[in-house]
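First comes the structure, then the notes that go with it.
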Amino acid sequence: MNKQSELEKYTEYGLSGTPEIKADEKKYWLGEFRERVIFALTFEQINRKEAVKVIEEKCKDERIDKLIVESSVLDTITEKFMDLAHKYDKDYKTIDMNGTNKEIALVLASNEAIDERQVLIKELPKLPDEFYYAHSKKLCKKHMEELQKKSPMFMDEFEEMTLLDKMMGIKCGVCEVVKK
Ligand SMILES: [Zn+2]
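Rendered as structure tokens:
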């Protein structure tokens, strides 16, 4: 079975699965029943810096009781999710799927059946490259406005340069990238 059809099987038919499917289903969703899953990230997505932002937004959902991370995810990355779980008062755990699950890296779940339809997204909201690779978090007015237009979700990651910054010779993090 290829990756795509497996994904479809669990997202589309998981809600009304038979008991045999339920065991597989729990393996797929890091030990949770599909009906309790509210959101999930793939291994590919979890390594992007945007993932933390997306999960933070999701953590504001009060139906979410726990955040589960597959244990093969790097510590430097899991640390950020551990902090989020703590901040939003969610239970945090890691689970070792022994390599049986190469798809799902993180699950946000409820303790009850929720039957959320869409728990996976194809692509994370993306920070444009020049902002992703910004040399610093300080931006000029023009680039703050551009960010507001393109990805308002990431506004609080940056700040507009002050007059003092300018006097001290601090340069806009994005202008520095674009110059190269
Ligand atoms: Zn700039």
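Per our numbering, the very first residue in the sequence shown carries number 1076; after that it's consecutive.
Even glycine gets a Cβ: it sits at the ideal position worked out from N, Cα and C.
Note that the structure is a prediction, hence the values are computed from the model and not measured.
State yes or no: is the C-beta of residue i nearer than 8 Å to some heavy atom of ligand 1?
| i | result |
| --- | --- |
| K1225 | no |
| K1135 | no |
| L1214 | yes |
| K1241 | no |
| V1249 | yes |
| H1210 | no |
| K1217 | yes |
Counting only the same chain and skipping the five closest in sequence on each side, list residues whose C-beta sits under 6 Å from that of residue i.
| i | result |
| --- | --- |
| P1203 | K1225 |
| Y1163 | C1134 |
Can you grab the Cα-Cα spacing for the pair residue i / residue j, in whole Å?
| i | j | result |
| --- | --- | --- |
| A1209 | K1217 | 14 Å |
| K1097 | K1241 | 59 Å |
| R1138 | L1199 | 21 Å |
| K1102 | L1238 | 54 Å |
| I1170 | D1136 | 22 Å |
| K1197 | K1124 | 16 Å |
| R1192 | E1100 | 15 Å |
In its own chain, which residues sit with a C-beta less than 8 Å from the C-beta of residue i, not counting the 5 before and 5 after it?
| i | result |
| --- | --- |
| V1127 | K1155, F1156, L1159 |
| A1188 | F1108, E1110, R1111 |
| D1166 | D1140, K1141, L1142, A1160 |
Mind listing, in chain order, the continuous alpha helix (DSSP H) runs of no fewer than 4 residues lying wholly within the stretch 1122-1149? 1125-1134
Starting from the N-terminal side, write out each stretch of the beta strand (DSSP E) that is 3 residues or longer and does not extend beyond the stretch 1175-1221. 1179-1184
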